[in-house]
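Chemist: Residue numbers (the working numbering), protein chains in the order written: chain A, 1 to 282; chain B, 283 to 571.
All C-beta atoms, glycine included, are put in the ideal place defined by N, C-alpha and C.
Rendered as structure tokens:
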């Protein structure tokens, strides 16, 4: 009896902690979404003194959403970011998948060294080399083009590791059988292995998507032009030295949030599998 | 016969062919810039020199920035590791509906740094932010937050921790799930308390995961850039001028690529040293047991 009581008390405490952290996580987001439904004047008018309307809108309005599309053409950077992800995901999966296939299935000279070199180079984060990389991309004439945003990040260590782990799990008898039947390696790769890869591809695709959708420093350096600018960069446009259009900022932010969250909630299991496999076991 | 030979040549070359696309990309867009970073910090007009570094360490802007970066990381890394470990423990418990909390905690990861910074900037805003509004309501003086020399760095720490902990939590969660529950049961039968179990069973078994998170977290935080560039621009009075931002300014505002490269080299060196120390520290505790 007392044990049971102790147990309920314990789970109550744990629920309390859970709710506490949920509030910390979610309140800022909720607050921002609520701000996107009010006019800028209202936000300022009710900021002080503190009341329920500091948080909750008095007059709900969709004007901000209309304005960011009509006056600021927010759809252009949104589409730009989508294009980037749409191109980068298959390229990254193909290129890193092929290398991973080579590392996982074949024996060849210098394999250990090559794999080490790949992984070591991936450990140096992209941001750390952004300055010389900018010079390189500039000399290629890629500044303010989509090439600059897609190509340098295409070789991705996390994606490669993910595929290596997966390929190692494929029974070699399956591959041998196909080979004896006379199928070439490329045929084996595309006909037998790729169809098995769907879950890994989803994980890798999600990772690449998040990377591109959310990246800030590199697009800031190489894509300032309106035609290629990504959504994260466009978000800071609503702030000038003289005024901050909070209502527009958060309307645009709310729209920008929808896609990663919509992909994140149904697929987060894949993501969790992905990062744990590549991180700890790799 | 001829065919056989052709075939074997093909199969020796084939694995390299598969590596070629990724290999070229890595060589051009990773190894070459890395080499260039190293070289441009040590060579001036073709001659090897340490002048750039000598100048750097005499430059108060740099030493201040270095000190802030170290201070920032000394607080942020332990803070994030401890909080995310606790979150991992929390969501690994077998409560009903814990899966929902797990997803909610993790979801801040899907929010971009840009948006996170914008939201927190509004909350921290001096004139009309929510926090100051609440402070005044509670009869307390309003705070400077991002405008205050003493508080700005703490605000940046809050933002990165808020955004980061859910992500690191996932690693701890999966590590905790791998621990045999039988161990906990027998410990409980032996009358071990919660703290005993934590220090004697959980932490030692989680060493590898902790190490991984520490290393990955160090790399991420040492190179922190976006929040600074967006909100404080290194200010007020240089109090949030992290090295990565100083390097960015050096390269793109003052067009001094050499100074930027040298700073990045130092930054990467610090990362390597910290990771090495973490390896050593966490592995030596393995030997003791």
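(1) When we look at the beta-carbon of residue 378/B and count the other beta-carbons within 10 Å, is it buried (16 or more) or exposed?
(2) Strictly below 7 Å CB to CB, what residues from chain A border residue 432/B?
(3) Bridge partners of residue 239/A, per DSSP?
(4) Under 8 Å by Cβ, that's how I've got residue 422/B and residue 412/B pegged, so tell me the actual separation to the nearest angstrom.
(5) By the 8 Å beta-carbon criterion, what residues does the stretch 7-25 of chain A contribute toward chain B?
(6) Have a look at 126/A, 209/A and 140/A and flag the residue whose alpha-carbon is nearest the alpha-carbon of residue 308/B.
(7) What separation, rounded to the nearest whole angstrom, lies between the Cα atoms of residue 546/B and residue 129/A?
(8) Hey, how far is the Cα of residue 274/A from the Cα of residue 124/A?
(9) Just to confirm, is the Cβ distance from residue 36/A to residue 250/A under 8 Å?
(10) Name the two residues that bound the continuous alpha helix (DSSP H) containing residue 60/A.
(11) Between which two residues does the alpha helix (DSSP H) harbouring residue 213/A extend?
(12) Measure from the C-beta of residue 519/B to each C-beta in chain A and report whether the shortest distance is under 8 Å.
(13) Less than 8 Å separating the beta-carbons of residue 157/A and residue 122/A?
(14) Do residue 256/A and residue 80/A have their C-beta atoms closer together than 8 Å?
(15) Just to make sure I have the definition right: I need the residues of chain B whose C-beta is within less than 7 Å of the C-beta of residue 232/A. Which are they?
(16) When you compare the CB positions of residue 111/A and residue 118/A, do they come within less than 8 Å of one another, or not?
(17) By the three-class DSSP mapping on this structure, what secondary structure does residue 354/B have?
(18) Output the residue ranges of the alpha helix (DSSP H) runs that lie fully inside the stretch 356-402 of chain B and measure 4 residues or longer, sorted by chain position.
(19) Give a yes or no on whether the minimum CB-CB distance between residue 548/B and chain A is below 8 Å.
(20) Can you list, in chain order, the residues of its chain whose CB lies under 8 Å from that of residue 563/B, leaving out five sequence neighbours each side?
(21) Nearest to residue 254/A by CA position, among 400/B, 433/B, 323/B and 374/B, is which residue?
(22) Give a yes or no on whether the minimum CB-CB distance between residue 327/B and chain A is below 8 Å.
(23) Considering only residues of the same chain and omitting the five flanking positions on each side of residue 370/B, which have a CB-CB separation below 6 Å?
(24) Along chain A, in chain order, which residues have C-beta atoms closer than 9 Å to that of residue 416/B?
(25) Which value, in whole angstroms, describes the spacing of the CA atoms of residue 267/A and residue 164/A?
(26) Within the same chain, show all residues whose beta-carbon is closer than 6 Å to that of residue 351/B, passing over the 5 residues directly before and after it, in chain order.
(27) Got a sec, what are the start and stop residues for the alpha helix (DSSP H) residue 309/B sits in?
(28) Using a beta-carbon distance below 8 Å, is residue 268/A in contact with chain B?
(29) Counting only runs that start and end within the stretch 120-187 of chain A, where is the alpha helix (DSSP H) found for 4 or more residues in a row?
(30) So the alpha helix (DSSP H) residue 219/A belongs to, where does it begin and stop?
(31) Starting from residue 536/B, find everything on chain A with Cβ-Cβ shorter than 7 Å and list it in chain order.
(32) Within the continuous alpha helix (DSSP H) that includes residue 476/B, where are the two ends?
(33) The alpha helix (DSSP H) with residue 94/A in it runs from where to where?
(34) By the 10 Å Cβ neighbour count, where 16 or more other Cβ atoms means buried, how is residue 167/A classified, buried or exposed?
(35) Using CA atoms only, rank isn't needed, just tell me which of 349/B, 552/B, 292/B and 414/B is closest to residue 435/B.
(36) May I have the straight-line CA-CA distance separating residue 571/B from residue 172/A, to the nearest angstrom?
Modeler: Put simply:
(1) That one is exposed.
(2) Residues of chain A passing the Cβ test: none, with the nearest at roughly 23 Å.
(3) Residue 239/A pairs with 244/A.
(4) Between residue 412/B and residue 422/B the Cβ distance is about 14 Å, and since that is not below 8 Å, they are no contact.
(5) Result list: 11, 14, 15, 17, 18, 21, 22, 24 and 25.
(6) Here the closest residue by C-alpha is 126/A.
(7) Computed Cα separation, rounded: 8 Å.
(8) Cα to Cα, the separation comes out at about 20 Å.
(9) Annotated as proximal: residue 36/A and residue 250/A, with beta-carbon spacing under 8 Å.
(10) Bounds of any alpha helix (DSSP H) do not take in residue 60/A, whose DSSP letter is neither H nor E.
(11) That run of the alpha helix (DSSP H) goes 198-214.
(12) Not one chain A Cβ lies under 8 Å of residue 519/B.
(13) Yes, Cβ-Cβ distance for residue 157/A and residue 122/A is below 8 Å.
(14) It is not a contact, given that the beta carbons lie outside the stated cut-off.
(15) Here the neighbours are 394 and 396.
(16) Against a cut-off of 8 Å, the Cβ pair of residue 118/A and residue 111/A comes out as no contact.
(17) The answer is helix: DSSP assigns residue 354/B an H, G or I state.
(18) Those alpha helix (DSSP H) runs which fall completely within the stretch 356-402 of chain B and span 4+ residues are 380-388.
(19) No, residue 548/B lies away from the interface with chain A (no Cβ there is under 8 Å from its Cβ).
(20) The answer is none, since no qualifying residue turns up.
(21) Taking only the C-alpha atoms, the option nearest residue 254/A is 400/B.
(22) No - not a single Cβ of chain A is within 8 Å of the one on residue 327/B.
(23) 451, 454, 455 and 458, listed in sequence order.
(24) For residue 416/B, the residues of chain A that pass the 9 Å Cβ criterion are 50 and 54, in the order they occur in the chain.
(25) Spanning the two alpha carbons is a distance of roughly 21 Å.
(26) Same-chain partners within the cutoff: 524 and 525.
(27) Counting along the chain, residue 309/B sits inside no alpha helix (DSSP H), nor does DSSP assign it H or E at all.
(28) Yes, because at least one Cβ of chain B sits closer than 8 Å to the Cβ of residue 268/A.
(29) Within the stretch 120-187 of chain A, complete alpha helix (DSSP H) segments of at least 4 residues are found at 130-139, 146-150, 157-168 and 172-180, given in chain order.
(30) Here the alpha helix (DSSP H) through residue 219/A covers 217-222.
(31) Per Cβ cutoff of 7 Å: no residues; residue 536/B is ~12 Å from chain A at best.
(32) Here the alpha helix (DSSP H) through residue 476/B covers 476-479.
(33) 75-105 is the extent of the alpha helix (DSSP H) around residue 94/A.
(34) Here residue 167/A is buried, its C-beta having at least 16 other C-beta atoms within 10 Å.
(35) Closest option to residue 435/B, Cα to Cα, is 349/B.
(36) Confidence at residue 571/B is low in this model, with a pLDDT of 39, below 50, so the placement of that residue should be treated as unreliable; the coordinate-derived value is given next. Approximately 39 Å, taken between the alpha carbons.
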